[in-house]
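Structure, as structure tokens:
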Amino acid sequence: MSDASNRKEYNDLNFQIWRVKDERDGKWRDEVYIMGDNEALQTLSDSLQSLLNLFQTYGKGTKKFKCNPPTDLDFKSYGQEHGIQIQWLDLLVVRLGFDAIDNEPFILDDFTVELSVNPKTLKLFIERTQAYLNSTLQYGHGADAVCGMRFSPDWLGAE
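Using my numbering, you'd call the opening residue of the sequence shown number 1160 and step up by one each time.
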């Protein structure tokens, strides 16, 4: 595990978080989608593992991951083509503590996705991130992350 995994905040990853509104019914989907290149997702996994390790000493901890929307995609046109609206979110905040219930649903607060996790849910998030990274079908059907979040099934979650 690199020293970078011990950082508290990550601003420089190719990492995206967003939600989708179906234009037909005008409702936001319940899921928040996450995506990143392999390096970003490995950094996410390593950072969450370091958070779990710190938990043994301090009994709590927080990691933050900034969303960096792609600049090479006209997501407005892409959304119109698929009948959706995409809303990029700013930050994923993962807070680890004893008092969180298993797989507690995320909180969306002012473009920040907040996860309150216990060690069991954090281990599940790490395992699912690694399984997603190691799967040859990572873009085929999507996969549950934790707390109502999903790895993107088709990059933007439009299908």
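Glycine included, every Cβ here is placed at the ideal spot set by N, Cα and C.
Just to confirm, are residue i and residue j a CB contact at a threshold of 9 Å?
| i | j | result |
| --- | --- | --- |
| Leu1210 | Phe1224 | no |
| Gly1238 | Arg1183 | no |
| Leu1267 | Cys1306 | no |
| Tyr1192 | Arg1287 | no |
| Gly1256 | Lys1279 | no |
| Met1194 | Ser1311 | yes |
| Asp1258 | Asn1277 | yes |
How far does the beta strand (DSSP E) with residue i in it reach, from first residue to last?
| i | result |
| --- | --- |
| Ser1275 | 1271-1276 |
| Asp1231 | Asp1231 -> no beta strand (DSSP E), and no H or E assigned at all. |
| Asp1189 | Looking at the DSSP string, Asp1189 is not in any beta strand (DSSP E), and its letter there is neither H nor E. |
Quick check on DSSP: helix, strand or coil for residue i?
| i | result |
| --- | --- |
| Asp1261 | coil |
| Leu1248 | coil |
| Leu1172 | coil |
| Ala1290 | helix |
| Lys1180 | strand |
| Lys1279 | helix |
| Phe1310 | strand |
| Ala1304 | coil |
Grab the span of the alpha helix (DSSP H) containing residue i for me, first residue to last.
| i | result |
| --- | --- |
| Asp1205 | 1197-1217 |
| Lys1235 | 1234-1241 |
For residue i, which residues from the same chain have a beta carbon less than 6 Å from its beta carbon, with the 5 sequence-adjacent residues on both sides left out?
| i | result |
| --- | --- |
| Asn1170 | Lys1225 |
| Thr1221 | Arg1254 |
| Leu1213 | Gly1220 |
Counting only the same chain and skipping the five closest in sequence on each side, list residues whose C-beta sits under 8 Å from that of residue i.
| i | result |
| --- | --- |
| Val1272 | Ile1176, Val1191, Leu1248, Leu1250, Leu1251, Val1252, Phe1265, Ile1266, Met1308 |
Please work out which residues of its chain come closer than 7 Å, Cβ to Cβ, to residue i, disregarding the five sequence neighbours upstream and downstream, and give them in chain order.
| i | result |
| --- | --- |
| Gln1201 | Leu1292 |
| Gln1289 | Ser1204 |
| Ala1199 | Leu1172, Asn1173, Phe1174 |
| Asp1189 | Gly1307 |
Between the stretch 1244-1257 and the stretch 1170-1184, can you find at least three pairs of beta-carbon atoms closer than 8 Å? Touching, yes, given that three or more Cβ pairs across the two stretches are closer than 8 Å.
Between the stretch 1259-1267 and the stretch 1277-1290, do at least 3 Cβ pairs fall closer than 8 Å? Touching, per the Cβ criterion.
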